[in-house]
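Structure first, then comments.
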Amino acid sequence: MSINMFSQRALQTTMRRFAATRPTSSPLRTITPAAVATGQIRYASAGPHASTVSASQNEAHSILAEQRKHRPVSPHLGIYKYQITWLGSITNRITGMILSGGLYVFGLAYLAAPAFGWHLESASLAAAFAAWPIVAKVLAKFVFAWPFTYHSINGIRHLVWDMGSTLTNKEVIYTGWAVVGISVVTALGLVFY
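Residue numbers are given in my numbering: position 3 of the sequence shown equals residue 10, and the series is strictly consecutive.
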């Protein structure tokens, strides 16, 4: 045993003995779940030191059950009022995943098309699209155009933020709604162009 390890053990033993002579009035506050799981429960003293005692499995479970009664309850997202800041952030992430995922899926399908006999050439896609009813065409165009416009315009908004501009709460809310409005108008412009 090295000198350093010996001194650490001696200090640890001294601290445990000191802690054992000064028991706490409320041991439940310092018992950790790991201590309960291993059966080694630490009782803190009035000072910074602690001692460890063994506990039976039943005793450990009852202590843990008592601790659970005093834990705070975490609120669910359902209690919060919808805000443009976090709705915009979520929408930006989702549109980014849709755009990148769609690109990868179509790219892989285009590469695999000859092996499976699929016709994903531009002429085949244009002919299939032309056969759709007008309402389906408009809806499909909007579904493809809006994620692109929203993600692009919100990306510009983030670049403006990176320059340190429009970062107050009022400006963030205003620019959030502006991105939604501009992206819808731009997507509709792309649909009917």
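Ideal Cβ positions, reconstructed from N, Cα and C, are used throughout, including at glycine.
Check whether the Cβ atoms of Gly183 and Ile91 lie closer than 9 Å to each other.
yes
Relative to the C-alpha of Val186, which residue among His158, Gly171 and Tyr200 is closest?
His158
Going straight from the alpha carbon of Gln19 to that of Phe13, what length do you get?
10 Å
Where does the unbroken alpha helix (DSSP H) through Val167 begin, and where does it stop?
Ile141 to Asp169
For Ala53, count the other beta carbons within 10 Å of its own beta carbon; 16 or more makes it buried, fewer makes it exposed. Which is it?
Because Ala53 sits at a pLDDT of 46, beneath the cut-off of 50, its placement in the model cannot be relied upon, and the following sentence gives the value as read from the coordinates. So Ala53 ends up on the exposed side.
Please classify Ile101 as buried or exposed, where buried requires at least 16 neighbouring CB atoms within 10 angstroms.
exposed
Reduced DSSP secondary structure (H/G/I, E/B, other) of Val248
With the chain covering 8 to 200 only, the question about residue 248 has no answer from this structure.
Can you check whether the CB of Phe149 is closer than 9 Å to the CB of Val198?
yes
Could you give the DSSP three-state label for Gln90: helix, strand or coil?
coil
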